[in-house]
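Colleague: First the structure, then my questions, so here it is.
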Amino acid sequence: MIHSTAIISKSAKIDSSVKVGPYSIIDDKVQIAANSIIESHVVIRNHTSIGKNNHIYQFASIGEDPQDLKYNGEDTKLVVGDNNIFREYCTINRGTTTGIDETRIGSNNLFMAYSHVAHDCIIQDNCILSNAASLAGHVRVGNNVSLGGFTLIHQFCDIGDYAFSGLGSVISRDVTPYTLVAGNHAQAYKINTAGLKRKGFSDDVISSLEKTFKLFIKSKSNRDVVLESFNKLNINCSEVDYFINFINSSER
């Protein structure tokens, strides 16, 4: 059902099951798949693709121009997966031609009120951005990440799977997977043990991650000594492999 006061471009492709509330604006070349709900006073800008079963609350701005001074009106994209929730005053920007040309959001994510995702960001699945959490441009966020309220992330940072940030964290470097960070500037404190237990990780996996974290993040020994100590542990764990590979490929 589309409310009579909604303004919808003739070039928008909206599934017949989509609900659009009063005074919402849907721009040119927008696509919205089945069973999504667009509440009142939502703005969805051009070249935005939204999957199934998304719920966008009032006063959200989805697919607006990137806040990048190099942007000059190019046709860039925002691509959104399925089953996401965008709460009030959430702002999501499209990509830039100097970036990856699009902003990408996966599925089953929750964006709480006033959260912001800037241009060329990539967010995977099952993430939570709490109130006013904000990503600068080109940030990559893995799966099952939880960002505490008012978390700020510097451009080009990479946030690993299952990472967790405390309230008011300011993140200016990559965050290793499974890790709890907090502070301004954020520091890595420990493996997010409580969160991993809630997600069903075994005690053995968590213990292996904790040992690896202490060696690679907390140890003040040089890398050769750390590697020697790690090899003696004989850990065979895919989560640990991912943790170490993330460190080796980190650019921040």
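Numbered per the numbering used here, the sequence shown spans residues 2 to 253.
C-beta atoms are modelled at their ideal positions from N, C-alpha and C, and glycine is treated no differently.
What you are looking at is a predicted structure, and each value in this text was computed from that prediction instead of being measured.
If you count every other CB in all the chains shown that lies within 10 Å of the CB of residue 8, and 16 or more means buried, which is it?
Modeller: One-based indexing of the sequence shown puts residue 8 at position 7. When all chains shown are included, residue 8 counts as exposed.
Colleague: Using the beta-carbon count (16 or more within 10 Å), is residue 6 buried or exposed?
Modeller: The sequence position of residue 6 within the sequence shown is 5, counting from 1. Under this definition residue 6 is an exposed residue.
Colleague: Would you give the residue range spanned by the alpha helix (DSSP H) that residue 196 belongs to?
Modeller: Residue mapping note: residue 196 aligns to position 195 of the sequence shown, counting from 1. Taken as a continuous stretch (DSSP letters only), the alpha helix (DSSP H) holding residue 196 covers 194 to 199.
Colleague: Starting from the Cα of residue 20, find the closest Cα among 10, 177, 33 and give me that residue.
Modeller: As a first step, residue 20 must be located in the sequence shown, where it is residue number 19. For residue 20, the nearest C-alpha among the options comes from 33.
Colleague: Would you tell me roughly how many angstroms separate the C-alpha atoms of residue 174 and residue 155, rounded to the nearest one?
Modeller: The residue you call residue 174 lines up with position 173 of the sequence shown. The residue you call residue 155 lines up with position 154 of the sequence shown. Straight-line Cα distance between these residues: approximately 7 Å.
Colleague: What separation, rounded to the nearest whole angstrom, lies between the Cα atoms of residue 71 and residue 108?
Modeller: Counting from one through the sequence shown, the residue named residue 71 turns up at place 70. Counting from one through the sequence shown, the residue named residue 108 turns up at place 107. Going from the Cα of residue 71 to the Cα of residue 108 covers about 29 Å.
Colleague: Given residue 82, which residues of its chain have a CB within under 7 Å of its CB, disregarding the five upstream and five downstream residues?
Modeller: Counting from 1 along the sequence shown, the entry for residue 82 is found at position 81. Once the five neighbours on either side are set aside, the close Cβ partners of residue 82 are 52, 106, 107, 108.
Colleague: Note down, in chain order, each residue of its chain lying with its Cβ closer than 7 Å to the Cβ of residue 190, except the 5 sequence neighbours on either side.
Modeller: Counting from 1 along the sequence shown, the entry for residue 190 is found at position 189. Hits under 7 Å: 181, 182, 183.
Colleague: Relative to the C-alpha of residue 1, which candidate in 66, 128, 100, 122 has its C-alpha closest?
Modeller: Only positions 2 to 253 of the chain appear in this structure, which leaves residue 1 out of reach.
Colleague: For residue 1, report the span of its beta strand (DSSP E) as first-last.
Modeller: No statement about residue 1 is possible, as the shown extent of the chain runs from 2 to 253 and does not include it.
Colleague: Residues in its own chain within less than 7 Å of residue 166 by CB, not counting five upstream and five downstream?
Modeller: What you label residue 166 is simply residue 165 of the sequence shown in a count that begins at 1. Once the five neighbours on either side are set aside, the close Cβ partners of residue 166 are 148, 149, 152, 172, 182, 183, 187.
Colleague: Residue 145: buried (16+ other C-beta within 10 angstroms of its C-beta) or exposed?
Modeller: Within the sequence shown, numbered from 1, the residue matching residue 145 stands at position 144. When all chains shown are included, residue 145 counts as buried.
Colleague: Between the C-alpha atoms of residue 185 and residue 247, what's the straight-line distance to the nearest angstrom?
Modeller: By 1-based counting over the sequence shown, the position of residue 185 is 184. By 1-based counting over the sequence shown, the position of residue 247 is 246. Whole-angstrom Cα-Cα distance: 23 Å.
Colleague: Contact between the region 197 to 209 and the region 217 to 224: three or more CB pairs below 8 Å?
Modeller: Result no; under three Cβ-Cβ pairs closer than 8 Å.
Colleague: For a quick check, are the C-beta atoms of residue 103 and residue 61 less than 8 Å apart?
Modeller: Residue mapping note: residue 103 aligns to position 102 of the sequence shown, counting from 1. Residue mapping note: residue 61 aligns to position 60 of the sequence shown, counting from 1. For residue 103 and residue 61, no; Cβs fall outside 8 Å.
Colleague: For the putative contact between residue 41 and residue 22, defined by C-beta atoms under 8 Å, what is the C-beta separation to the nearest angstrom?
Modeller: Here residue 41 corresponds to residue number 40 of the sequence shown, with the count starting at 1. Here residue 22 corresponds to residue number 21 of the sequence shown, with the count starting at 1. Between residue 22 and residue 41 the Cβ distance is about 4 Å, and since that is below 8 Å, they are a contact.
Colleague: Do residue 196 and residue 163 have their CB atoms nearer than 8 Å?
Modeller: Residue mapping note: residue 196 aligns to position 195 of the sequence shown, counting from 1. Residue mapping note: residue 163 aligns to position 162 of the sequence shown, counting from 1. Yes.
Colleague: Less than 6 Å between C-beta atoms, sequence neighbours within five positions excluded: which residues of the same chain meet that for residue 159?
Modeller: Position 158 of the sequence shown, counted from the start, is the residue given in the question as residue 159. 141, 175.
Colleague: Whose C-alpha, out of 231, 111, 123, is nearest the C-alpha of residue 131?
Modeller: For the purposes of this step, residue 131 is taken as the residue at position 130 of the sequence shown. Here the closest residue by C-alpha is 111.
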